[in-house]
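Respectively, the protein sequence lines represent chains A and B. FYI, the numbering used here numbers position 66 of the first sequence as 110, with every residue one higher than the one before it. FYI, the numbering used here numbers position 70 of the second sequence as 242, with every residue one higher than the one before it. Positions of the beta carbon are idealized from the N, C-alpha and C atoms, including for glycine. Below you'll find the structure, written out as structure tokens, and then a few comments.
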Amino acid sequence: MRRIAFIAPVLIFLIIAGALAFGLGRDPKILPSMLIGKPLPAFNLPDVRTGTGGKGLASSNFTGEPALLNVFASWCASCRIEHPFLMRLSREGVPIHGLNWRDKGDAGARWLDRFGDPYDRVGYDPTGRTGIDLGVTGAPETFVIDRHGTVRYRHVGPIDAQVWTETLAPLMQQLRAEP
Amino acid sequence: MSAGRQCSQWLAGIKASSARIMLLAVLTLGAVAGPAFAVLPEEQLADPVLEARARKLSQELRCVVCQNQTIDDSDAPLAADLRGLLRERLEAGDTDAQARAYLVERYGDFVLLKPPIRPGTIILWFGPLALLLAGGVGVFLYWRGRSAAPTLSPAPLDADEQRRLDALIKETRPS
Numbered sequence: 045m046r047r048i049a050f051i052a053p054v055l056i057f058l059i060i061a062g063a064l065a066f067g068l069g070r071d072p073k074i075l076p077s078m079l080i081g082k083p084l085p086a087f088n089l090p091d092v093r094t095g096t097g098g099k100g101l102a103s104s105n106f107t108g109e110p111a112l113l114n115v116f117a118s119w120c121a122s123c124r125i126e127h128p129f130l131m132r133l134s135r136e137g138v139p140i141h142g143l144n145w146r147d148k149g150d151a152g153a154r155w156l157d158r159f160g161d162p163y164d165r166v167g168y169d170p171t172g173r174t175g176i177d178l179g180v181t182g183a184p185e186t187f188v189i190d191r192h193g194t195v196r197y198r199h200v201g202p203i204d205a206q207v208w209t210e211t212l213a214p215l216m217q218q219l220r221a222e223p
Numbered sequence: 173m174s175a176g177r178q179c180s181q182w183l184a185g186i187k188a189s190s191a192r193i194m195l196l197a198v199l200t201l202g203a204v205a206g207p208a209f210a211v212l213p214e215e216q217l218a219d220p221v222l223e224a225r226a227r228k229l230s231q232e233l234r235c236v237v238c239q240n241q242t243i244d245d246s247d248a249p250l251a252a253d254l255r256g257l258l259r260e261r262l263e264a265g266d267t268d269a270q271a272r273a274y275l276v277e278r279y280g281d282f283v284l285l286k287p288p289i290r291p292g293t294i295i296l297w298f299g300p301l302a303l304l305l306a307g308g309v310g311v312f313l314y315w316r317g318r319s320a321a322p323t324l325s326p327a328p329l330d331a332d333e334q335r336r337l338d339a340l341i342k343e344t345r346p347s
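In structure tokens:
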């Protein structure tokens, strides 16, 4: 009984400290995606360069090979920071499709003309409805889609060299090896 | 001299009356202005019943950008989109539960300010109660232990101890 009286406070302290340490380690701003392991919700968007007869972007475009789906906007500062790295990935041959999210008019198209276009296809989502279907909470966000069109991973925030080499590149490699 | 005096009285009068006017203005504005909502007039539905349902629902849904606000309160553009979406769903004939499920499907239980009771949320719902019970049991055991413990009366002093005690008392007593 005496011993319990001494050990109990230590135990309680350790439990609380453990819970707090766990809480400190995670970013509450990043919500878990509901789409992981599920097929990409159906969408069929016009091209970001409206009226040019561009390819547009549909959920059916994500079959055949693993690809990235990057949500971006011209008003998004982090997208500007992320952009050069996407250009590098594009040069390395990584298939990236873009979702121009909640941009007005041709702002997204002009942004791509000015800074370069790293995307194979870019869908135009001015209402943000497709973004909501994807559970997007902000830009930039990047989804990793396997060759069957299933969402396998979501990264919130800009992709940089560290995120790419530590997380996304190994995942893409694994997905390319999958049947 | 008297002109100066008059002038300062006049100034004081202006100060008092302008303060009164200010007070009146503030009170009037306060009475006229309603509470501030993020919901914009053009977002609202023409049907008051549907609009009331939408308002009630949006007060139970969490903004995914500014996470401690409801989408009803939030000025975030995404919250405005979600309010619009909610109204669209209701107009299309969704029940409240269906409209709620539509958002949960996309953003998870996180969008619900009142999360459902599930295995993963049991600690959230019942943790505080469990802590209270554990504390109550602890306090009960402590008090029971105390009252059950035999109250030992100290052994009486022997002659030598009594002498030392008397000496100490004499020493410390103020003269």
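Exercise. Could you name each continuous alpha helix (DSSP H) segment of 4 residues or more that falls completely within the segment 112–184 of chain A, going from the start of the chain to the end?
Key: 121–135, 151–159, 173–177
Quiz prompt | residue 299/B versus residue 306/B - alpha carbon distance | solution = Translated into the one-based positions of the second sequence, residue 299/B becomes position 127. Translated into the one-based positions of the second sequence, residue 306/B becomes position 134. If I take the Cα positions, the gap works out to 10 Å.
Exercise. Taking residue 212/A and residue 190/A to be in contact with their CB atoms under 8 Å, please state how far apart those CB atoms are, rounded to whole angstroms.
Key: Here residue 212/A refers to the residue found at position 168 when the first sequence is read from its first residue. Here residue 190/A refers to the residue found at position 146 when the first sequence is read from its first residue. Not really, about 13 Å apart at Cβ, beyond 8 Å.
Quiz item: For residue 301/B and chain A, any beta-carbon pair shorter than 8 Å?
Solution: Taking the first residue of the second sequence as 1, we reach residue 301/B at position 129. Under the 8 Å criterion on CB atoms, residue 301/B is classed as non-interfacial with respect to chain A.
Quiz item: In chain A, which residues lie with their C-beta within 9 Å of the C-beta of residue 249/B?
Solution: Here residue 249/B refers to the residue found at position 77 when the second sequence is read from its first residue. Result: 146, 172.
Quiz prompt | Residues of the segment 166–196 of chain A with Cβ closer than 7 Å to any Cβ of chain B, in chain order | solution = 172, 176, 177, 179, 181, 182
Quiz item: Taking C-beta to C-beta, are residue 172/A and residue 253/B nearer than 8 Å?
Solution: Locating residue 172/A in the first sequence gives position 128, where the first residue counts as 1. Locating residue 253/B in the second sequence gives position 81, where the first residue counts as 1. Yes. Within cutoff.
Practice problem: Return the first residue and the last residue of the beta strand (DSSP E) that residue 196/A is part of. | Solution: Taking the first sequence and counting its residues from 1, the one referred to as residue 196/A is at position 152. 195–200 is the span of the beta strand (DSSP E), which, as asked, contains residue 196/A.
Quiz item: Can you tell which of 112/A, 151/A, 51/A has the C-alpha that lies nearest to the C-alpha of residue 142/A?
Solution: For the purposes of this step, residue 142/A is identified with residue 98 of the first sequence, where counting begins at 1. Nearest to residue 142/A by C-alpha distance, out of 112/A, 151/A, 51/A, is 112/A.
Exercise. Compute the Euclidean distance between the alpha carbons of residue 207/B and residue 160/A, then round it to the nearest angstrom.
Key: Sequence index remark: in the second sequence, residue 207/B carries index 35 (1-based). Sequence index remark: in the first sequence, residue 160/A carries index 116 (1-based). Only weak support is given to the placement of residue 207/B: the predicted model assigns it a pLDDT of 48, under 50, and the question is left unresolved by the model.
Quiz item: Helix or strand or just coil, what does DSSP make of residue 206/B?
Solution: Taking the second sequence and counting its residues from 1, one reaches residue 206/B at position 34. Its pLDDT being 49, under 50, residue 206/B is placed unreliably in this model, and the value from its coordinates should be taken loosely. Residue 206/B: coil per DSSP, three-state reduction.
Practice problem: With 8 Å as the threshold, decide whether the Cβ of residue 340/B is near any Cβ in chain A. | Solution: Taking the first residue of the second sequence as position 1, residue 340/B is located at position 168. Cβ-Cβ to chain A under 8 Å: no for residue 340/B.
Quiz item: Under 8 Å, do residue 244/B and residue 231/B count as touching if we go by C-beta distance?
Solution: Counted from its first residue, the second sequence places residue 244/B at position 72. Counted from its first residue, the second sequence places residue 231/B at position 59. For residue 244/B and residue 231/B, yes; Cβs fall inside 8 Å.
Self-check item: One or two residues paired with residue 102/A in a DSSP bridge
Solution: Here residue 102/A refers to the residue found at position 58 when the first sequence is read from its first residue. The secondary-structure analysis by DSSP pairs residue 102/A across a beta bridge with 88/A.
Practice problem: Return no unless some Cβ of chain A is closer than 8 Å to the Cβ of residue 232/B. | Solution: The residue you call residue 232/B lines up with position 60 of the second sequence. Judged by the 8 Å Cβ criterion, residue 232/B is not in contact with chain A.
Practice problem: Compute the Euclidean distance between the alpha carbons of residue 334/B and residue 327/B, then round it to the nearest angstrom. | Solution: Residue numbering aside, residue 334/B sits at position 162 when the second sequence is read from its first letter. Residue numbering aside, residue 327/B sits at position 155 when the second sequence is read from its first letter. So the alpha carbons of these two residues sit roughly 12 Å apart.
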